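Read the structure below first, then the notes.
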Amino acid sequence: MGRFVGHGAVVVASCHFSKCDAMICAVQSRGHAMCVCFRPGEDDMFAFEFGSNLEKYAVNASMCLVILGDNGEEGKTQTKEMKMMEERGINYKKMKLADYERKYPSAGANGGGLPNGTYRLFSGKWKGPLFCGDGTDGLGDHWAWVEPNECYENKGKERWQLERQGDGTYKIFN
64 MGRFVGHGAV
74 VVASCHFSKC
84 DAMICAVQSR
94 GHAMCVCFRP
104 GEDDMFAFEF
114 GSNLEKYAVN
124 ASMCLVILGD
134 NGEEGKTQTK
144 EMKMMEERGI
154 NYKKMKLADY
164 ERKYPSAGAN
174 GGGLPNGTYR
184 LFSGKWKGPL
194 FCGDGTDGLG
204 DHWAWVEPNE
214 CYENKGKERW
224 QLERQGDGTY
234 KIFN
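Per the working numbering, residue 64 is the first one in the sequence shown, and the count goes up by one each step.
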């Protein structure tokens with residue numbers, strides 16, 4: 064099994080063997096999921112475990128990543144992993160670990176997380192901001208959805224307050 068499940072928005076599905084230890088630390092500090100598993104000499108178990116991890120984490124991810132070696136090289140196992148992703152219709156992006164760390168800074172990089180404040184929250188898959196409208200469901204709760212237009216604004220309804228809680232999680236409200 065992948066050593067860290069995280070959330071499914073961003074998933075590291077494959078990693079060059081030379082970067083695995085550093086990648087695990089980077090993924091854990093960002094709360095991302097990973098499908099990476101290593102079973103030398105156990106091809107059947109590898110295929111079963113990796114395939115299971117793809118179904119759990121990569122199929123519905125907004126961004127699926129393949130971490131390359133420092134010089135952009137791909138490993139032999141990665142070739143198999145990318146083929147398995149392609150067979151399942153999973154789109155992925157290749158990048159070096161340093162590029163991953165720059166694109167997705169860890170919460171610890173700025174002293175322990177985001178400061179309390181007002182933010183626009185975006186979906187990597189649908190491009191637009193999370194929006195809370197005036198409509199309600201049968202219980203009277205307001206609906207929230209992702210607007211496909213990334214420039215969308217509507218009287219601040221696309222802005223959310225984030226408040227850090229004592230346990231390190233965030234309370235989000237509109």
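Built from N, CA and C at the ideal position, the CB exists for glycine as well. Source: prediction; values computed, not measured.
Asked: Alpha carbon of Asn240 to alpha carbon of Ile130, nearest angstrom; Found: Outside the displayed span of the chain (64 to 237) sits residue 240, for which this structure offers no information.
Asked: Gly69 versus Val75: straight-line alpha-carbon distance, rounded; Found: Only weak support exists for where Gly69 lies, its pLDDT of 47 falling under 50; the coordinates are left without a value.
Asked: Rounded separation between Ile15 and Asn134 - CA only; Found: Any question about residue 15 goes unanswered here, given that the chain covers just 64 to 237.
Asked: Alpha carbon of Lys166 to alpha carbon of Leu128, nearest angstrom; Found: 12 Å
Asked: Nearest to Phe101 (by Cα), restricted to the options Ala124, Ala89, Ser77; Found: Ser77
Asked: Ala96 versus Gly201 - alpha carbon distance; Found: 34 Å
Asked: Span of the alpha helix (DSSP H), counted from its first residue to its last, around Cys214; Found: Here Cys214 belongs to no alpha helix (DSSP H), and DSSP marks it neither H nor E.
Asked: The beta strand (DSSP E) enclosing Ile130, as first and last residue numbers; Found: 126-131
Asked: Exposure of Lys218, with buried meaning 16 or more beta-carbon neighbours within 10 Å; Found: exposed
Asked: Within 8 Å, strictly: CB atoms of Gly196 and Trp206; Found: yes
Asked: Under the three-state DSSP convention, the category Glu150 falls into; Found: helix
Asked: Limits of the unbroken beta strand (DSSP E) element including Arg183; Found: Note, Arg183: premise wrong, no beta strand (DSSP E); not H, not E.
Asked: Close-in-space but distant-in-sequence residues of the same chain around Phe80 (CB under 6 Å, 5 per side omitted); Found: Gly138
Asked: Within 8 Å, strictly: CB atoms of Ser115 and Ser169; Found: no
Asked: Three-state secondary structure assigned by DSSP to Cys83; Found: helix
Asked: Selection from Leu160, Ile235, Glu112 that minimises the alpha carbon distance to Glu221; Found: Ile235
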